[in-house]
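Q: Note that the sequence shown covers residues 661 to 901 in the working numbering.
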Amino acid sequence: MENLERARNKLIVALDVPTVEEAENLIGRLGDDVSVYKIGLELVMAGGLELARRLIREGKQVFLDMKFLDIGHTVERAVANAAELGVTYLTIHGHDRKTLDAAVVGRGSSGMKLLAVTVLTNLTAADLEIQGNRLSPADLVLHRAQLARACGVDGIVASGQEADMVRREVGSDFLIVTPGIRLPGSALDDQQRVMTPDSAVAAGADLIVVGRPITRADDPADAARAFVAHIAAALERRSAT
Ligand code: C5P
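1. So within the segment 825–869, which uninterrupted alpha helix (DSSP H) runs reach at least 4 residues, ignoring any that extend past its ends?
2. Among residues of its own chain, excluding the 5 on either side of residue 795, which ones have a beta-carbon nearer than 8 Å to its beta-carbon?
3. Run through DSSP, which three-state label would residue 821 get?
4. Where does the unbroken alpha helix (DSSP H) through residue 982 begin, and where does it stop?
5. Within 10 Å of its beta-carbon, does residue 814 have 16 or more other beta-carbons around it, so buried, or fewer, so exposed?
6. Hey, residue 800 and residue 779: beta-carbon distance below 8 Å or not?
7. For residue 757, which option in 743, 741, 699 and 776 has the closest C-alpha, if you only look at C-alpha atoms?
8. Between which two residues does the alpha helix (DSSP H) carrying residue 891 extend?
9. Would you kindly work out how many angstroms separate the C-alpha atoms of residue 784 and residue 685, rounded to a whole number?
10. Leaving aside the five residues before and after residue 835 along the sequence, list all residues of the same chain whose C-beta is less than 6 Å from its C-beta, in chain order.
11. Here's the rule: buried if 16 or more other CB atoms are within 10 angstroms of the residue's CB, otherwise exposed. What is residue 753?
12. Classify residue 855 as buried or exposed, calling it buried when 16 or more other Cβ atoms lie within 10 Å of its own Cβ.
13. Just verifying my parser: in three-state terms, what is the DSSP assignment at residue 721?
14. Which residue's Cα is closest to the Cα of residue 817: 781, 845 and 892?
15. When you measure from the CB of residue 815 to every non-hydrogen atom of the ligand C5P, does any distance come out below 7 Å?
16. Is residue 846 a contact residue of the ligand C5P, with contact defined as CB to any heavy atom under 7 Å?
17. Can you list, in chain order, the residues of its chain whose CB lies under 8 Å from that of residue 906, leaving out five sequence neighbours each side?
18. Report yes if the CB atom of residue 676 is closer than 8 Å to the CB atom of residue 884, and no otherwise.
19. Does the ligand C5P have a heavy atom nearer than 7 Å to the CB of residue 869?
20. By DSSP, does residue 687 sit in helix, in strand, or in coil?
21. Would you call the segment 829–844 and the segment 761–769 in contact, with 3 or more CB pairs under 8 Å?
22. What residue from 851, 797 and 850 has the CA that sits closest to residue 825's CA?
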């Protein structure tokens, strides 16, 4: 039971739907099988912050995927307001020290976990060069993960493929959150490089983000339970080694 509870706290369901009404419908169907919800820009622009408040009041955890990037003062105040809201996880961009330092100040003693987005996964080496950046995507991910850690940020968002490399470099007390997770044999949707929950956990992921395999399932609660069971089994295997 305790193991399932632990696994449930590691499953983040992405509410990638256009309206709060659709999100609430989904949340209702998922009930006690999901504890953590990711609310991103689309939903925030359609009343998602009010939904976040309600979820927190109802005892759920919220991962607010805002990917903040601005001057320090603005980031600090925005992060402080997110902390006030009571969200558990908040994303910021991990480009520069000033943003990261400001986010850490804004978070204060709230306990909210700050997660840095290192390199957006839709960017290729050619896109980075256009930005004036000569590092490969993998080297830049590592560089920014180390910077985030040095600034006191709690973790990063990374693909399952990068999780292993980052984990080896940054050590254990740093959160790695991985999206692009699919159960063996299921549809990839538009994801290219997916991992199963088992391999993501084995590669060192602490939390996994799942969207469509749960939100578009005929029975979302049943799909969520399958993910939780896989995560629980992977955690057991990881602690046995
Ligand atoms: O539906 P699916 O499981 O592919 O959704 C994954 C979620 O994780 C989406 O909210 C997507 O925006 C997010 N994400 C991702 N890849 C990243 C970062 C975030 O798929 N590198």
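Think of the CB as a built atom: it goes at the ideal place given N, C-alpha and C, for glycine as much as any other residue.
A: Well, looking at it:
1. 857–862
2. Taking the first residue of the sequence shown as 1, we reach residue 795 at position 135. Around residue 795: 788 and 803.
3. Start at 1 with the first residue of the sequence shown, and residue 821 comes out as number 161. Here residue 821 sits in helix by DSSP.
4. It is not possible to answer for residue 982, since the shown part of the chain is limited to 661 through 901.
5. Taking the sequence shown and counting its residues from 1, the one referred to as residue 814 is at position 154. Buried, by the Cβ-count rule.
6. Position 140 of the sequence shown, counting from 1, holds the residue named residue 800. Position 119 of the sequence shown, counting from 1, holds the residue named residue 779. The answer is yes: Cβ separation under 8 Å.
7. As a position in the sequence shown, residue 757 is number 97, starting the count at 1. Considering only alpha carbons, the answer is 776.
8. Within the sequence shown, numbered from 1, the residue matching residue 891 stands at position 231. First-last of the alpha helix (DSSP H) with residue 891: 880–900.
9. Reading the sequence shown from its first residue, position 124 is the one you call residue 784. Reading the sequence shown from its first residue, position 25 is the one you call residue 685. Cα-Cα distance, rounded: 37 Å.
10. The count along the sequence shown starts at 1 and reaches residue 835 at position 175. Correct list, in chain order: 814, 815 and 866.
11. Residue numbering aside, residue 753 sits at position 93 when the sequence shown is read from its first letter. The residue in question, residue 753, is buried, as its Cβ has 16 or more Cβ neighbours within 10 Å.
12. Locating residue 855 in the sequence shown gives position 195, counting from the first residue. Its Cβ being crowded by 16 or more others within 10 Å, residue 855 is buried.
13. Taking the sequence shown and counting its residues from 1, one reaches residue 721 at position 61. If DSSP states are grouped into helix, strand and coil, residue 721 belongs with the strands.
14. By 1-based counting over the sequence shown, the position of residue 817 is 157. Of the candidates 781, 845 and 892, the one whose C-alpha sits nearest the C-alpha of residue 817 is 781.
15. Stepping through the sequence shown from its first residue, residue 815 is reached at position 155. Outside the cutoff, so no.
16. By one-based count along the sequence shown, residue 846 stands at place 186. For the ligand C5P, not one heavy atom lies less than 7 Å from the Cβ of residue 846.
17. The structure shown does not extend to residue 906, since the chain is modelled only from 661 through 901, so no value can be given for it.
18. The residue you call residue 676 lines up with position 16 of the sequence shown. The residue you call residue 884 lines up with position 224 of the sequence shown. No, these two residues do not count as a Cβ contact at 8 Å.
19. Within the sequence shown, the letter at position 209 stands for residue 869. Residue 869 Cβ: within cutoff of the ligand C5P.
20. Residue numbering aside, residue 687 sits at position 27 when the sequence shown is read from its first letter. Here residue 687 sits in helix by DSSP.
21. no
22. In the sequence shown, the residue the question calls residue 825 occupies position 165. Nearest option by C-alpha distance: 797.
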